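One line per chain: the protein sequences are A and B, in this order.
Read in our numbering, the first sequence has 228 at position 228, and its numbers run on one by one without any break.
Read in our numbering, the second sequence has 171 at position 171, and its numbers run on one by one without any break.
Working notes for the structure below.
Protein chains: 2
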Amino acid sequence: MTTEILPKNENDSIQKEIISKIRDYINFKNLEPGDKLPSERKLSEKFEVSRGNVREAIQTLEFYGLLYSKPQSGTFVADIGPVAMNGMINDILRLEEPDFKTLVETRILLELKTVRLAALRRTEEDLKEIEEALEAYSEKVMQGEDAVQEDLLFHLAIAKASGNSTINTFMLTITPEIITNFTKYHVCDKNVAFTGIQEHRDVYEAIKNKDPQLAKEKMKVHFKMLYQYCYNIKD
Amino acid sequence: MTTEILPKNENDSIQKEIISKIRDYINFKNLEPGDKLPSERKLSEKFEVSRGNVREAIQTLEFYGLLYSKPQSGTFVADIGPVAMNGMINDILRLEEPDFKTLVETRILLELKTVRLAALRRTEEDLKEIEEALEAYSEKVMQGEDAVQEDLLFHLAIAKASGNSTINTFMLTITPEIITNFTKYHVCDKNVAFTGIQEHRDVYEAIKNKDPQLAKEKMKVHFKMLYQYCYNIKD
DNA sequence: CAAACCAATTTGGTAAACCAGTTTAAGAAG
DNA sequence: CTTCTTAAACTGGTTTACCAAATTGGTTTG
């Protein structure tokens, strides 16, 4: 995982340029699945950039499953036809930097699903971990301290209990960004944290009783303020 | 993302080991947000691994927002307290390789959302691109050829029209894996493709008429078989 | 004529060397 | 003793050089 998911540097533009050149090359030479690309060295001199940049671009395309590299052999186009290849590369090039609004929107979506799945699939061990996270959160709030971390860990514990590793990965991906923005914009304040305890407890009880519908409802209540924030934010 | 999001190599284990050692170091030294980690060189000799491995591990932790590196200065622990730090690192280490079932489950979840958002937010240009993808799919199927690529691009066009770049990125991430598994297990066959044309058209019409509820219903119909497959697959 | 072998070249991966800022600390001046 | 100067050591990032595996083309052998 090497790869950071999205480059935010100024290298971004040059890497995108290289990616588009690779696309053009594949189209021009009519490369099909399994065909070999020129070596990194040749590409670097053909595009007049450093080999490192070429490697970076190839790794990005590898991340999206469009290319694959075999050590001491070469880089090959994946088992995806030219239509999908072009379409996906264009999508990748057009990808915008995710903003806070879409981040929150996605988090709500994911969590309303994980809480349902957790209510259906949770093991006793999952339940125990969720409870521990809940207690840690309550204690911190009762002491009047900031509990953003414990809040987060409660939600991550639910994500883990959902048994869906893909969603779990996505949650882990967006969580840090969420935290930094929350603390930056002070979305959560003190009295909200207090009401949050009961809301967390409601969600926990629903998961404990294996009631997916209720769990989802309680999570919706918990997200109510967040929901408003998400759809009232200026575009 | 440079990170490729998840390493599948055997380097995986050694990198995870380094990550856990970094966690132990942070705990042992009681490092707080803003504190500096030892240099990559020192860590590499302390852990008795190459500097490259250390760099890779740090970049992974950077991807999840737990560390940040300042050029020519050092690597620092992010503004996340020790509780969240430990919790998240443990989650990262425990992350399982996503299997096909969770992949499909996640795809259905994401698409039922994107199609709603697309119906609400689509621009005229979005609609045009979706229509083009639809036509390309129909033609391919009519000619009796395999149309997995065009099918995919139709769904990606909807994701783009949803206006949520975070979900869009996630869709792009899971799509290649979906494709390879589809072609491997032959989830889709010929007659399904034919019925798929009308289903696609229904979805398109709903988006065109800006009817989010209908769009979601039609997409559900389209996913019906996939849905069954997802929940009947052996665990 | 075909198959098997071999050496040489090419490949992606990796470790070492290098670079340009930053930090640190020692030393000189006041 | 304090403060400013300065140079040396250290930092993450980048380029370069090297490596072992694998492909390739030619040659030999059955």
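Idealized CB from N, CA, C, for every residue including glycine.
In this text, all values refer to a predicted model and were calculated from it rather than measured experimentally.
Item	Value
Is B:Ile19 closer than 8 Å to B:Val49 when the C-beta atoms are compared?	no
Whole beta strand (DSSP E) runs in the segment 55-79 of chain A with 3 or more residues, listed along the chain?	67-70 and 74-77
Mind reading off the beta-carbon distance from A:Arg201 to A:Leu134? Whole number of angstroms is fine, and I expect it under 8 Å.	7 Å
So what's B:Lys36 in DSSP terms, helix, strand or just coil?	strand
Run the CB neighbour count on B:Asn107, radius 10 Å, all protein chains shown included, and call it buried at 16 or more, exposed below.	The question names Asn, but residue 107 of chain B in the sequence shown is Arg. When all chains shown are included, B:Arg107 counts as buried.
Can you tell me whether DSSP reads B:Arg211 as helix, strand or coil?	In the sequence under discussion, the amino acid at residue 211 of chain B is Asp, which differs from the Arg named in the question. Of the three classes helix, strand and coil, the one that applies to B:Asp211 here is coil, per DSSP.
Is the distance from the Cβ of B:Phe76 to the Cβ of B:Asp35 below 8 Å?	yes
Can you tell me whether DSSP reads A:Ala147 as helix, strand or coil?	coil
Under 8 Å by Cβ, that's how I've got B:Asp126 and B:Ala161 pegged, so tell me the actual separation to the nearest angstrom.	4 Å
What are the complete alpha helix (DSSP H) segments, minimum 4 residues, inside the segment 73-135 of chain A?	82-94 and 100-121
Among B:Gln198, B:Lys16 and B:Ser39, which residue has its Cα nearest to the Cα of B:Pro71?	B:Ser39
Report yes or no: do the segment 102-122 of chain A and the segment 168-175 of chain A share at least 3 C-beta pairs separated by less than 8 Å?	yes
Please tell me whether A:Ala215 and A:Arg116 are closer than 8 Å, where the distance is taken between their beta carbons.	yes
Does the segment 128-143 of chain A come close enough to the segment 60-67 of chain B that 3 or more CB-CB pairs lie under 8 Å?	no
Using a beta-carbon distance cut-off of less than 7 Å, what residues from the segment 138-151 of chain B approach chain A?	Gln149 and Glu150
Less than 8 Å between the CB atoms is what I'm expecting for B:Asn53 and B:Ile14, so what's the real figure, rounded?	6 Å
Given a threshold of 16 other Cβ atoms within 10 Å of its Cβ, counted over all protein chains shown, does A:Lys8 qualify as buried or as exposed?	Caution applies to A:Lys8, whose pLDDT of 46 falls short of 50 and renders its modelled position unreliable; the value that the coordinates give is listed next. So A:Lys8 counts as exposed.
Name the chain B residues that come within less than 9 Å of A:Met88, Cβ to Cβ?	Leu152, Leu153, Leu156, Leu172, Thr175 and Pro176
Give me the residue from A:Met142, A:Ala206, A:Lys21 and A:Tyr227 with the minimum Cα distance to A:Lys46.	A:Lys21
For A:Lys113, decide whether its Cβ has a neighbour in chain B, counting only Cβ atoms nearer than 8 Å.	yes
Quick one: what does DSSP say A:Leu172 is sitting in, helix, strand or coil?	helix
Exposed or buried, which one is B:Pro33 when buried takes at least 16 other CB atoms within 10 Å?	exposed
Counting contacts by CB-CB distance shorter than 8 Å, is B:Leu109 in contact with chain A?	yes
Taking its Cβ as the centre, do 16 or more other Cβ atoms sit within 10 Å of B:Asp91, making it buried, or is it exposed?	buried
Helix, strand or coil for A:Lys21? Go by DSSP, reduced to three states.	helix
Please say whether A:Val141 and A:Phe194 have beta carbons closer to each other than 8 Å?	yes
Cβ closer than 7 Å: which chain A residues qualify as neighbours of B:Leu120?	Here the premise fails: no neighbours, minimum Cβ distance about 11 Å.
Mind pulling the chain B residues with CB within less than 9 Å of A:Tyr64?	Leu172, Thr173, Thr175 and Pro176
Between the beta-carbon of B:Leu110 and the beta-carbon of B:Lys220, is there less than 8 Å?	no
Report the neighbours of A:Gly81 on chain B: residues whose CB is nearer than 7 Å to its CB, in chain order.	Gln149
If the criterion is Cβ atoms closer than 8 Å, does the pair A:Ser44 and B:Pro98 meet it?	no
In chain A, which residues lie less than 8 Å from B:Lys216 when you measure between Cβ atoms?	Here the premise fails: no neighbours, minimum Cβ distance about 13 Å.
Check the Cβ of B:Asn27 against every Cβ in chain A and list those closer than 8 Å, keeping chain order.	Per Cβ cutoff of 8 Å: no residues; B:Asn27 is ~15 Å from chain A at best.
Skipping 5 residues on each side, what residues in its chain have a beta carbon closer than 8 Å to that of A:Tyr204?	Ile130, Glu131 and Leu134
Using a Cβ-Cβ distance cut-off of 8 Å, determine whether A:Asp91 contacts chain B.	yes
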